[in-house]
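One structure is given below, encoded as structure tokens.
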Amino acid sequence: MTEEKEQKKCCSGGKIWKDGKCVLPEVTFTAFIMSLNTSVLYHLGEIKDPVTGNLEKDLVLAKHTIDTLNLLKHKTKGNLTSEEDEILAAIIFDLQMRFVRVSG
-13 MTEEKEQKKC CSGGKIWKDG KCVLPEVTFT AFIMSLNTSV LYHLGEIKDP
37 VTGNLEKDLV LAKHTIDTLN LLKHKTKGNL TSEEDEILAA IIFDLQMRFV
87 RVSG
């Protein structure tokens, strides 16, 4: 098997090829926030279930995750870079607006 084919086979599920092996990407605050953002979008029915291809809504879980992001914003105040703080604030605002629109 060529190295390129080996990389593609090995590096599914968000893994990256590094130093001859598959590894998970670096953990960063921004990546963590983006994963929570994706979770809310899924629960708002804006992202399809990767297995079924269906759109599912669970507004309770969407709100819970938005509340979690707000908690993170308050608990990390003064400890984030300006870029991290701006990204977090923008994501929270966007998700709150989406939640209001979907929950009508």
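Under the working numbering, the residues of the sequence shown are numbered -13 to 90, in order.
Glycine residues also receive a C-beta, built at the ideal position from the N, C-alpha and C atoms.
Treat the numbers as computed from the prediction; the structure is a model and nothing was measured.
* **Where K7 sits in the DSSP three-state scheme** => Your numbering for residue 7 matches position 21 in the sequence shown. Here K7 sits in strand by DSSP.
* Alpha carbon to alpha carbon, what distance is there between T16 and L30? -> Translated into the one-based positions of the sequence shown, residue 30 becomes position 44. Translated into the one-based positions of the sequence shown, residue 16 becomes position 30. Rounded to whole angstroms, L30 to T16 spans 21 Å at the Cα level.
* E72: first and last residue of the uninterrupted alpha helix (DSSP H) it sits in -> Translated into positions along the sequence shown, residue 72 becomes position 86. It spans S68 to S89 - the alpha helix (DSSP H) in which E72 sits, taken as one unbroken run.
* Quick one: residues in its chain with C-beta nearer than 6 Å to the C-beta of M(-13), no 5 flanking neighbours on either side, listed in chain order? => The residue given as residue -13 occupies position 1 in the sequence shown. Because M(-13) carries a pLDDT of 45, less than 50, the predicted location of this residue cannot be relied on, and the following value inherits that uncertainty. Result list for M(-13): empty, nothing under 6 Å.
* To do: In the DSSP assignment, find the unbroken alpha helix (DSSP H) run with N23 in it and report its ends.
  => Counted from its first residue, the sequence shown places residue 23 at position 37. Start and end: F15 to H29.
* Assign N65 to one of two classes, buried (16 or more other C-beta atoms within 10 Å of its C-beta) or exposed (fewer than that). => Within the sequence shown, residue 65 is the residue found at index 79, counting from 1. When all chains shown are included, N65 counts as exposed.
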